[in-house]
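Peer 1: Just dropping this structure here.
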Amino acid sequence: MTKKVMACIDASPYAEAVCDYAVWAANRLSVPMVVIHVLDKAQHTHTPDLSGSIGLGSQEVLLQQLAELDEKHGKLALERGRLMLDAAKSRAEQAGVAAVDERLRHGTLVQTLVELEEETRLLVLGKRGFSSADAHGHLGLHVEQVIRSVHKPILLTQQSYKEPQRIMLAYDGSATALKGLEMLAASPLGKGLPVHLVMAGANIEAAQQQMETAAHILRNAGFDTRIAIVGGEPEEVLNQYQQEHHIDLMVMGAYGHSRIRQFIVGSTTTAMISKAKCSLLILR
């Protein structure tokens, strides 16, 4: 089975950026792309259940009207979903992706992505969706659930697309972080781009040795690699480093040691994702 880049789109302001980042990834990985829209009845149906507060005489008529209104909402959501998928497919094809498929699913986003996990190479998702697009500084309703449930790399996008020119790998020296580093080194996704290897913590000899070992792996894979050890709280100093060095894509693991291990989505990584000013690649 050919693995694909899966782009999850909805009616949020993130949809175009999700599509464009998926195009970038599909072209660099030389794999097909799938655009996905999930129809979640709880989100596209806004008619309240009034059956318990309707008078006996009018109950049957009003319930019929409510059912018809729900059906109309469902049909409109279905048509909107098809239009969004068609537009995303056209956008991807114009950007040079040879094979683009469309998936319109009923159910929940998390359930759908778990079902598609076997054919997923990379999942691309907006940091917030339609229901929480304006909740700046917070994660979208489904993001944490997706990271917990889908065991594939996940690219979380900002609202605006910016082609990655510099990569930053948040590294803590753990076995899981090393696995993520090796995934990055072996993937075509970041080839040719400079990598900033950054650790939050005390600049001691053990940390320096860990960083040199990690940098050696990246350099052997052909990456121009820069090392930095910065003191302070990880969610603060790593995001500060990203902004100061104009990093376009931050890479980090969903697990680590010390406080980052609290995250399956744990406190440190949640805060970093929420505060990040660039897109993030979460490795599992």
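For the sequence shown, our numbering assigns the number 4 to the initial residue and increments by one for each residue that follows.
Yeah, the Cβ is synthetic: ideal placement off N, Cα and C, and Gly gets one too.
Ile207: buried (16+ other C-beta within 10 angstroms of its C-beta) or exposed?
Peer 2: Ile207 comes out exposed.
Peer 1: Where Gln148 and Met214 are concerned, what is the direct C-alpha to C-alpha distance, given to the nearest angstrom?
Peer 2: Cα-Cα distance, rounded: 31 angstroms.
Peer 1: Could you tell me if Thr216 is buried or exposed, where buried requires 16 or more neighbouring beta carbons within 10 angstroms of its beta carbon?
Peer 2: That one is exposed.
Peer 1: If you run the structure through DSSP and keep just helix, strand and coil, what is Gly140?
Peer 2: For Gly140, the predicted model reports a pLDDT of 45, less than 50, meaning its position is unreliable; a value from the coordinates is still stated below. It is coil, neither helix nor strand.
Peer 1: Look at the alpha carbon of Arg264 and the alpha carbon of Val37, and state the distance between them as a whole number of angstroms.
Peer 2: For Arg264, the predicted structure reports a pLDDT of 42, less than 50, and the residue's modelled location is therefore unreliable. The matter cannot be settled from this model.
Peer 1: Once DSSP output is grouped into helix, strand and coil, what is the label at His249?
Peer 2: In this structure, His249 counts as coil in the three-state DSSP scheme.
Peer 1: Do the CB positions of Thr179 and Leu200 come within less than 7 angstroms of each other?
Peer 2: Result no, Cβ atoms of Thr179 and Leu200 do not sit closer than 7 angstroms.
Peer 1: Which two residues bound the contiguous beta strand (DSSP E) that contains Ile157?
Peer 2: Ile157 to Thr160 is the span of the beta strand (DSSP E), which, as asked, contains Ile157.
Peer 1: Measuring CA to CA, which of Gln212, Leu221, Leu159 and Gln168 is closest to Ala189?
Peer 2: Closest by alpha carbon: Leu221.
Peer 1: Identify, in the order they occur along the chain, each residue of the same chain with its Cβ nearer than 6 angstroms to the Cβ of Pro197, setting aside the five sequence neighbours on each side.
Peer 2: Once the five neighbours on either side are set aside, the close Cβ partners of Pro197 are Arg169 and Asp227.
Peer 1: If you follow the alpha helix (DSSP H) that Arg229 is in, where does it begin and where does it stop?
Peer 2: Not the alpha helix (DSSP H): Arg229 falls in the beta strand (DSSP E), residues Thr228 to Val233.
Peer 1: Could you check where the beta strand (DSSP E) with Met4 kicks off and where it finishes?
Peer 2: First-last for Met4: undefined, no H or E at that position.
Peer 1: Assuming Thr115 and Ile12 are in contact, meaning their beta carbons sit under 8 angstroms apart, how far apart are those beta carbons, in whole angstroms?
Peer 2: No, Thr115 and Ile12 are not in contact; Cβ-Cβ is about 13 angstroms, not under 8 angstroms.
Peer 1: Tell me where the alpha helix (DSSP H) around Leu192 begins and ends.
Peer 2: Segment: none, Leu192 is in no alpha helix (DSSP H) and carries neither H nor E.
Peer 1: Measure from the alpha carbon of Gln97 to the alpha carbon of each residue in His145, Gly225 and Asn30, then state which is nearest.
Peer 2: Here the closest residue by C-alpha is Asn30.
Peer 1: Would you give the residue range spanned by the alpha helix (DSSP H) that Ser177 belongs to?
Peer 2: Neither: Ser177 is in no alpha helix (DSSP H) and is coded neither H nor E.
Peer 1: How long is the line joining the alpha carbons of Leu184 and Ala209, rounded to whole angstroms?
Peer 2: If you take the alpha carbons of Leu184 and Ala209, they lie about 18 angstroms apart.
Peer 1: Measure the beta-carbon distance from Leu32 to Pro191 and round it to whole angstroms, keeping in mind my assumption that it falls under 8 angstroms.
Peer 2: At roughly 6 angstroms, the Cβ-Cβ gap stays under 8 angstroms, so Leu32 and Pro191 are in contact.
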